[in-house]
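A short worksheet on the structure shown next.
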Amino acid sequence: MSANYSLLRARESQDEDVSEVEKSPHQSRYRLLFGKLDPHPRLWLKLWAMCNTIFSIFLVIAAFSLSYQARSLTDRPVPPPSPLREGGAERFINTRYKPDKLFQSPPSDEVDAAWHDWLRDHDRLIRVSGGKVKELGLPEAVELYADPGNYAYGLGVYHQMHCLSRLRKSFYPDRYYPNATQHEILHHTSHCFDVLRQAILCHGDVSLVYWWNQNYTYIDETGTKQYTEEFLQRTPQERATGSFVTWDSEVQCRDMDAINAWAKRNAVNDDDYGGQVVD
Numbered sequence: 001m002s003a004n005y006s007l008l009r010a011r012e013s014q015d016e017d018v019s020e021v022e023k024s025p026h027q028s029r030y031r032l033l034f035g036k037l038d039p040h041p042r043l044w045l046k047l048w049a050m051c052n053t054i055f056s057i058f059l060v061i062a063a064f065s066l067s068y069q070a071r072s073l074t075d076r077p078v079p080p081p082s083p084l085r086e087g088g089a090e091r092f093i094n095t096r097y098k099p100d101k102l103f104q105s106p107p108s109d110e111v112d113a114a115w116h117d118w119l120r121d122h123d124r125l126i127r128v129s130g131g132k133v134k135e136l137g138l139p140e141a142v143e144l145y146a147d148p149g150n151y152a153y154g155l156g157v158y159h160q161m162h163c164l165s166r167l168r169k170s171f172y173p174d175r176y177y178p179n180a181t182q183h184e185i186l187h188h189t190s191h192c193f194d195v196l197r198q199a200i201l202c203h204g205d206v207s208l209v210y211w212w213n214q215n216y217t218y219i220d221e222t223g224t225k226q227y228t229e230e231f232l233q234r235t236p237q238e239r240a241t242g243s244f245v246t247w248d249s250e251v252q253c254r255d256m257d258a259i260n261a262w263a264k265r266n267a268v269n270d271d272d273y274g275g276q277v278v279d
């Protein structure tokens, strides 16, 4: 091979390199930055497409979830204003109903004390400033004459508990209202029946009641629930007719501890009004 031929091939090779750079300036730039180009570009393209697909699915799911939540919120009308709600004391907790034998018992000093203590500690008026009344658009109320610029309000839950206590006492007028006339007792009782009727229908408790007999099951020594012989020997009809309505269901309730704490911080001092702010 002649020297001229070798020189010509070298020049042709250099020209080809220059031509490649001119044709693919981006490739030459990537070569300078990263060295040799990826020999498997299709694999990267597949991975990139897969990532895009997964991300797109995630976005669709997230959008659907947000849309559902927004729709759920818009389906529920804005509740009426309440300083308690504005103060962040309206919280919800998951709990369950628990039958309380004391509050199911007939009148006694112990039962009376339980009702009295609860109402004494919580059934109170709250003080709302005139500025807050205007800000929230609250209904007009009487001004606290010992605390000008502030107004007296009460919480529905306390009014309802007061009415429930009144109804309980109306069943035993000789014990609780020995000097009241029948008309006086019935007048207040009728009012309380309507208050509680509307409150019950307003809250629309959707917890479940069910029928069961606690004697149908027991817990063995291993901690496993077992059915008793009484249950096993009965027919389905006998099991049904031998059961009792049960209401110790799981429920979601407003946190009364938070409500009571807020009401206590904003309570009207009855002593400033001779023990009675309003009738």
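Mapping to UniProt numbering: the sequence shown position 134 is 134, numbers consecutive. The C-beta atom is built at its ideal place from N, Cα and C for all residues, glycine as well. Just so it is clear, the structure is predicted and the values come from calculations on it, not from any experiment.
- Taking 4 residues as the shortest admissible run, the segment 213-237 contains the following complete alpha helix (DSSP H) segments, listed from N- to C-terminal end: 229-233.
- Of the residues assessed, Pro236 falls on the exposed side of the cut-off, its CB having fewer than 16 other CB atoms within 10 angstroms.
- Under the criterion of beta carbons closer than 8 Å, Val206 and Tyr97 do not qualify as touching, at roughly 13 Å.
- The DSSP assignment places complete beta strand (DSSP E) segments of no fewer than 3 residues inside the segment 88-167 at 92-96, 126-129, 150-153, in order along the chain.
- Relative to Glu230, the option among Gly242, Glu110, Pro99, Thr224 whose CA is nearest is Gly242.
- Here the alpha carbons of Arg85 and Asn269 stand approximately 22 Å from one another.
- In the assembly as shown, Val133 is a buried residue. Its beta-carbon has 16 or more other beta-carbons within 10 Å.
- Annotated three-state conformation of Val268 is coil, per DSSP.
- Sequence-distant partners of Thr228 (beyond 5 residues in either direction) whose C-beta falls short of 8 Å from its own C-beta, in its chain, are Asn215, Tyr216, Thr217, Tyr218.
- For the pair of segments examined, the segment 143-157 was found to touch the segment 116-130: the number of CB pairs separated by less than 8 Å reaches three.
- Taking a C-beta distance under 8 Å as the contact criterion, Thr181 and Leu167 do not qualify as a contact pair.
- A check of alpha carbon separations from Leu138 across Leu45, Pro80, Tyr145 identifies Pro80 as the nearest.
- With distances taken between CA atoms, Pro83 lies nearest to Asn266 out of Asp271, Asn266, Phe55.
- Taking a C-beta distance under 8 Å as the contact criterion, Ser165 and Ile185 do not qualify as a contact pair.
- Remark: C-beta atoms of Asp255 and Arg76 do not approach each other more closely than 8 Å.
- Taking the Cβ atoms as the reference, Gly87 lies roughly 6 Å from Trp262, within the contact range of under 8 Å.
- Shown here for Asp272: same chain residues with a beta carbon closer than 6 Å to its own, the five before and five after excluded, namely Ala146 in chain order.
- Look at Tyr210 here: in three-state DSSP terms it is strand.
- Cβ-Cβ distances below 6 Å link Ala199 to Gln160 in the same chain, with the five nearest sequence neighbours on each side left out; the list follows chain order.
- Thr241 sits in a helix when the DSSP states are folded into three classes.
- Taking the C-beta atoms as reference points, Asp248 is found nearer than 8 Å to Pro99.
- Leaving aside the five residues that flank Leu102 on each side, the residues in its chain whose CB is nearer than 6 Å to its CB run, in chain order, Ala114.
- The beta carbon of Asn213 sits closer than 7 Å to the beta carbons of Gly242, Ser243, Phe244 from its chain, once the five residues preceding and following it are set aside; these are given in chain order.
- Straight-line measurement puts the Cα of Pro173 at about 25 Å from the Cα of Gly156.
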